[in-house]
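Going left to right, the sequence shown walks through residues -20 to -1, 1 to 274 as mature numbering (1 follows the signal peptide of the UniProt record, and there is no 0) numbers them. Note that CB positions come from ideal geometry on N, CA and C, so glycine has one too. In this text, all values refer to a predicted model and were calculated from it rather than measured experimentally.
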Amino acid sequence: MKLFNLFLLWCSVLSTHVLANNDAAPYELLHYYYVYKMEWDAGVEKTIAPGCATEYKKMCFFDQFASFLIEDRWNKVYLPTKADRTKTPGVGAAKRLSIKMPTSARYDLEKLLPSIKANAKDFPRVFETVLHSANKAIKTGKVKNDDVKQAVEWAQEVKDMRYEDVFEVEIKVLRDLLGDEAYGRYVVTGGGSSFDWDATLEGIDDDVDAKKLSDKDAKRLKEIIDNFPKTFNDRIATGHISDINHINIMRALETSITSLTGVIEESSSESDDASPESVPDDTCSNIEFAFDSE
């Protein structure tokens, strides 16, 4: 069956929900660190965790950066190794941050971005501001392409981990449209937090063939499914989805990934250590989500 694509407009009002995500948080710190590193390599004004260098009197290694930002409960159980005293952290660093990580762990957004006094009420703005910092650093021509790639890789990891939150919002809307009985009977979800539309429609057809569902009711259910991307988008635009901040975070991440990937592609003909040129961080772009099991 044809993919259902939902185009979500970036420009919308942010809600006030707190959106910490334990699984994603260590990878968010990796993403921030590589942009932090870009600022130091570029010699531009330090906007990301500037207090870390004040505390350690120089650019921080990743373990210092993480310890500076994470809350006390998390810091008490964070046991970095020699491998974390690095300026090129990877998945191992994230995994060590996850060990014995407290429930609803936090890092200090005001320490991360003191210039905007960020807090949990405007979490999507954090990713938007970090992207702006990355592009400002990249414009100097002194940023390594490998660091841009790492920033993209960890932003993508965060996006993948956070998509489940968005999928829960999609489920709520679809259940409301179909009704609890029809949703429970027909809707099939696949791997990776997605709807299996083929299996869902097949179940409807099977009940029609078995005379358990009328043609009229089947048509109504299929129309709801066919129109679901548009309906979902309309509900976002009209403010009828309370969990809009989950979606705004996904948009901010997608904008970052798209913008920084453009930087990488522009410099793809050069070496990995080449200094790429920035591309505009368009915060009013259209973001695409796929409603499919594939």
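- With 16 or more other Cβ atoms from the protein chains shown falling within 10 Å of its own Cβ, Ile224 counts as buried.
- Residue environment analysis places Lys139 among the buried positions, since at least 16 neighbouring C-beta atoms fall within 10 angstroms of its C-beta.
- Ile50 carries a strand assignment under DSSP once its states are collapsed to helix, strand and coil.
- Taking Ile118 as reference, the option from Leu59, Lys17 and Ile79 with the minimal CA-CA separation is Lys17.
- Ile79 sits exposed, since fewer than 16 C-beta atoms from the chains shown fall within 10 Å of its C-beta.
- For Thr169, the beta-bridge partners assigned by DSSP are Phe175.
- Assignment of Tyr58 by DSSP, reduced to helix, strand and coil, places it in the coil class.
- With a cut-off of 8 angstroms on Cβ pairs, the segment 78 to 94 is not in contact with the segment 206 to 215, counting fewer than three such pairs.
- Between the alpha carbons of Glu25 and Leu201 lies a gap of roughly 55 angstroms.
- Its Cα nearest to that of Asp52, the residue Ser84 stands out among Leu181, Ser84, Trp134 and Met230.
- Less than 9 angstroms separates the beta-carbon of Tyr7 from that of Met141.
- One Cα belongs to Thr34, the other to Val110, and the distance between them is close to 20 angstroms.
- Within the same chain, Cβ atoms closer than 6 angstroms to the Cβ of Phe147 are found at Ser173, the five residues on either side in sequence being excluded.
- The alpha carbon of Thr68 has as its nearest neighbour, out of Tyr58, Thr120 and Ala131, the alpha carbon of Ala131.
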